[in-house]
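Anchor point for the sequence shown: position 98 equals 98 in our numbering, and the numbering is continuous, going up by one each time.
Comments concern the structure below.
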Amino acid sequence: MKIIMLGAPGAGKGTQAKQIAAKYSIPHISTGDIFRANIKNGTELGKKAKSYMDQGLLVPDELTCDLVVDRISQADAVNGYVLDGFPRTIPQAEALTNALNARNEKIDYAINVEVPDSNIVNRMGGRRACLGCGATYHVEFNAPKKEGVCDACGAELVLRDDDKPETVQKRLNVYHDQTQPLIEYYSKAGAMVEVDGTQDIDVVFQDIIKILGE
């Protein structure tokens, strides 16, 4: 079962990807993890990626796709995988399709976790991060026992710059511009399915299981 997770930043697709991976015993693959593993292990692809990252540049689509294809070729992905954070653009999707075609494979499901922008701005604006241990809270859904103070270590909780409404809206604008066209791309490929991401996390997961099967 080869799955791609789609959805705006803060839609909860990463959480769902991990749960899918655990239930179906397939690897949860994020591009960030792939980059880190290849750089740490000093692979040829990792060295190439690092040379771009060290200059503050985005890793080119072709190289990113090579890293992903290398990862999905490993033994633990023989029964499938969940891709989280890739592809982000149409050129990346086309590169992945071409690479899979060469192996007589295709993406089975592209799951879009649909959440309106206004929900995401409110959801992320309520997040608080601990300056001490890095624990995360939410003022509405997962509030600390004492306001502004971490339960675990007692350090101050802050609203990260990433989670401020104006920053979140910018990220959403980029998503709609670059990534949302993937919904049309995978719809044409017959792989697109959608779930309502505004529901409780467990309800969203149950909806996904209904699509994928037990």
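Quick reminder that beta carbons are idealized off the backbone N, C-alpha and C, glycines included.
Self-check item: Inside the segment 136-191 only - alpha helix (DSSP H) runs reaching at least 4 residues
Solution: 165-174 and 181-188
Exercise. For C65, name the three-state secondary structure that DSSP assigns.
Key: As a working mapping, residue 65 is identified with position 65 in the sequence shown. Note: C65 maps to helix in three-state DSSP.
Quiz item: Taking just the CA atoms, how far does G154 sit from G80?
Solution: One-based indexing of the sequence shown puts residue 80 at position 80. One-based indexing of the sequence shown puts residue 154 at position 154. Spanning the two alpha carbons is a distance of roughly 42 Å.
Exercise. Would you give the residue range spanned by the beta strand (DSSP E) that R219 belongs to?
Key: For the chain, the structure presents residues 1 to 214; residue 219 sits outside this window and is missing.
Quiz item: Which one of F205, G213, E214 and K210 has the shortest CA to CA distance from A17?
Solution: Within the sequence shown, the letter at position 17 stands for residue 17. Checking every option, the nearest Cα to that of A17 belongs to F205.
Quiz item: First and last residue of the alpha helix (DSSP H) that includes D33?
Solution: The sequence position of residue 33 within the sequence shown is 33, counting from 1. Note, D33: alpha helix (DSSP H), T31 to K40.
Quiz prompt | Neighbourhood of R171 by C-beta, 7 Å cutoff - its chain only, sequence neighbours within 5 removed | solution = For the purposes of this step, residue 171 is taken as the residue at position 171 of the sequence shown. The residues are P9.
Practice problem: Taking only the alpha-carbon atoms, compute the straight-line gap between V220 and K2 and give it to the nearest angstrom. | Solution: The structure shown does not extend to residue 220, since the chain is modelled only from 1 through 214, so no value can be given for it.
Practice problem: Determine the closest residue to F216 out of Q55, R123 and L67, with distance taken between C-alpha atoms. | Solution: As shown, the chain starts at 1 and ends at 214. That puts residue 216 outside it, with no answer to give.
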